[in-house]
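Colleague: Here it is, the structure, as structure tokens.
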Amino acid sequence: MLNTTFWGQPCPHNLQLDQACLEVYSSIPNRVDLWHQYVECSGCDGELWATIPANGTAAFLTDTAIRSFFYFTIGKDQHYCNTTEKFDEYGIYGWNITSGSCTSVWTIKPPSTHFYLPITVAFFVYVIAAILMCVAKCVYQHEWSARAWLLNVAFTELENDLGPPESRENSPNTGSRLGNNRRQINTRIQSLDTFRGICIAMMIFVNYGGGQYRIFRHTPWNGMTIADVIFPWFLWVMGMSLVLSLRSQLRSDRSRYSVWLTALRRSLMLIALGLLLNSFGHLHNDLSNFRYGGVLQRLGVSYFIIASVETIFMNLQGPSEYGLLLDILDGWVQWIFALGFAGAWMMITFLVDVPDCGPGYLGPGGMHDHGKYMNCTGGAAGYLDRLILQPNHMYKHPTCKKIYQTIQPYDPEGLLGTLTAAFLVHLGVHASRVLLCYDSSKSRISRWIAFGFVTAMVGGMLCGFSFKDTGHIPINKNLFSLSFVLLTGGFANLVFAILYFMIDHKNWWSGFPFNHAGMNSILLYVGHEITRNMFPWSWKAIYGTHGEYLAMNLCGTTIWVVIAVILYQKKIFFSI
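In this text, residue positions in the sequence shown follow UniProt numbering: the first is 1, and each later residue adds one.
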């Protein structure tokens, strides 16, 4: 909420990003209390916005990214004119109130009509660039162009030393060899690298600001945005890669203990990298307030959990019958562990009696539910983190803080959510097992689609098919709730099925450039965190518009994708 008030004055015309202004005209001979709240603040009481004097006027700045409701009271009387409004950026609005009644909100100055134009322009710029690259690639790879290019190089070198050649008899054979070299078969699953690359590119774009559009921000509490699905998809992809790597190692006559030690080393390196990134920046190395949690830390712990289970129980031969259930039977023991992780999350969440909060609370605390759970942010998940990690070592600015005005720290990468994160990694493991158990693309794709649909439906039933506070387990990225994990895991199966069909089955797309980004994802993640406040990845905004921020954030993301392509061409890969 913006508290800037202009008494007896009209709205300023130099509004900032995500700002609108409401002019209130009162013809009531008594003072009027104006109350305000965000619609997304579930169960929150209205807050006093301002007191307007008798027959007075006032102008208020308001946030356009979130829908608002407001009303007024006269003395201690009842509420009047409960009004819900979605203000648009740079718009100036008016509202007349009289004793017990009011007009509809009306427009004084129209808002910007080009709010999403920068996204549209950026989309077509990248589409045109992709088309031009495809055309250039097709021309380059065409047999006659390859032959002409090779001949031109050969003739130029000969002319420099001996003059124009007299014969071209050997040229066709040389050109044919070049064409054959370009058509080498690559058995690597390109769609997997591509999916990982898409995830890391989206993650960089969102972390850089996402053009300051709300659709590219994390949801305050319950619900799901584009930004919320990226990290779960990365976990899912990690699970899919994990099985391919472990099976290859175990079939190379390495002992299971040796493979387990490798998994432990990788996990510790991920955790160490995450802790190093947490210490990067001004005063972030203060050990008394050092944050323990983080994205890489959760990746490392969940990787170690599932890698340990797979290393111990992975069946290198596979069952010899029950073809329709081969992917299930090949890892039925691992499924017991995965379901155990999900069950443990539910038991702790709904059975732990949190002091002054009770069991089963899944809300953000603060003003939620009329302030009855002020200190209960995150329920059992937040309580365990504050008990074990201590508040000083947790994330201090949770996404719910602005709207719900929470006072407790809450870490979205806390301890309890690691259980459901491990379950999500296992969903990726199962997708990889489908890849290993079935040879035909039809069998693989149909199973990914079916499994994705089933898991998404189960997640939808748990949340009541709503992004709100309905259902038994709401969709919540901060809690990494079971419904959230099932939905994002189901969507990941569907997206991967599409990518596999396009890239590895039909060869309609090579996956470029995202497949190159996916082969250096950890390097890109660490690098973008370090350079996020450096030029040319970012700069101080001059105009402060969505268009400028979008251009800046896309520029920073594109630079990292280009770096990934260059590293791929030079055969430089960072792995742990």
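No residue lacks a Cβ here, since even glycine has one placed at the ideal position from N, Cα and C.
If you're wondering where the values come from, they're calculated on a predicted model, not measured in any experiment.
#1: Kindly identify the DSSP beta-bridge partner or partners of Val24.
#2: So what does Val32 bridge to, in DSSP terms?
#3: Can you grab the Cα-Cα spacing for the pair Thr156 / Tyr543, in whole Å?
#4: Go through its chain and collect everything with a Cβ distance to Val210's Cβ below 7 Å, but skip five positions before and after it.
#5: Report the rounded CA-to-CA distance for Gly331 versus His430, giving the unit in angstroms.
#6: Exposed or buried, what is Asp504 when buried is set at 16 or more other beta-carbons lying within 10 Å of its beta-carbon?
#7: Run through the DSSP bridge pairs and tell me what Asn222 is partnered with.
#8: Using 9 Å as the threshold, is the C-beta distance between Val237 and Leu192 below it?
#9: Based on Cα-Cα distance, which residue from His370, Met502, Gln16 and Gly363 lies nearest to Lys398?
#10: Is the segment 447-460 touching the segment 489-505, taking contact as three or more C-beta pairs under 8 Å?
#11: Please identify the residue among Ile97, Ile563, Tyr93 and Leu296 whose C-alpha is closest to the C-alpha of Arg31.
#12: Looking only at its chain, what residues have a beta carbon closer than 7 Å to the beta carbon of Ile559, apart from the 5 residues adjacent to it on each side?
#13: Tell me the rounded alpha-carbon separation between Phe453 and Ala497.
#14: Measuring CB atoms only, is the segment 272-280 touching the segment 374-388, in the sense that at least three cross pairs come out at less than 8 Å?
#15: Would you report the Cα separation of Met346 and Ile230, rounded to the nearest angstrom?
#16: What residues in its chain sit with their C-beta under 7 Å from that of Asp469, if we drop five residues either side in the sequence?
#17: Who are the Cβ neighbours of Tyr568 in its own chain at under 8 Å, not counting the five residues just before and after it?
#18: Under a Cβ-count criterion, where at least 16 other Cβ atoms within 10 Å of its own Cβ denotes burial, should Thr113 be classed as buried or exposed?
#19: Based on Cα-Cα distance, which residue from Val127, Ser279, Tyr208 and Gln78 lies nearest to Leu550?
#20: Roughly how many angstroms lie between the CA atoms of Thr406 and Asp356, to the nearest whole one?
#21: Which value, in whole angstroms, describes the spacing of the CA atoms of Trp35 and Pro359?
#22: I'd like to know whether the C-beta of Arg254 is nearer than 9 Å to at least one C-beta of chain D.
#23: Taking just the CA atoms, how far does Gln249 sit from Met133?
#24: Enumerate in chain order the residues of its own chain whose CB-to-CB distance from Ile305 is below 8 Å, with the five nearest sequence positions on each side excluded.
#25: Which whole-angstrom value describes the C-beta separation of Thr349 and Ala380, a residue pair presumed to lie in contact below a C-beta threshold of 8 Å?
#26: Out of Trp539, Phe72 and Thr531, state which residue places its alpha-carbon closest to the alpha-carbon of Tyr25.
#27: With a CB to CB cut of under 7 Å and the five nearest residues on each side skipped, what residues in its chain are close to Gln9?
#28: To the nearest angstrom, how far is the alpha carbon of Pro232 from that of Thr62?
Modeller: Taking the structure as given:
#1: Ala58 and Trp95
#2: Ile52
#3: At Thr156 the pLDDT is 39, less than 50, meaning the model places this residue with poor confidence; the figure from the coordinates comes in the next sentence. Distance between the alpha carbons of Thr156 and Tyr543 is about 52 Å.
#4: Checking the sequence, you will find Gly at residue 210 rather than Val. These residues qualify, in order along the chain: Phe216, Arg217, Ala227 and Asn553.
#5: 8 Å
#6: buried
#7: Asn476
#8: yes
#9: For the sequence presented, residue 398 should be read as Pro rather than Lys. When only C-alpha atoms are compared, the closest one is Gly363.
#10: yes
#11: Ile97
#12: Pro536 and Trp537
#13: 12 Å
#14: no
#15: 23 Å
#16: Ser42 and Asn222
#17: His516, Met519 and Asn520
#18: exposed
#19: Tyr208
#20: 16 Å
#21: 33 Å
#22: Given the protein chain composition of this structure (a single chain), no chain D is represented.
#23: 37 Å
#24: Phe341, Thr418, Ala422 and Val425
#25: 5 Å
#26: Phe72
#27: Ala59
#28: 33 Å
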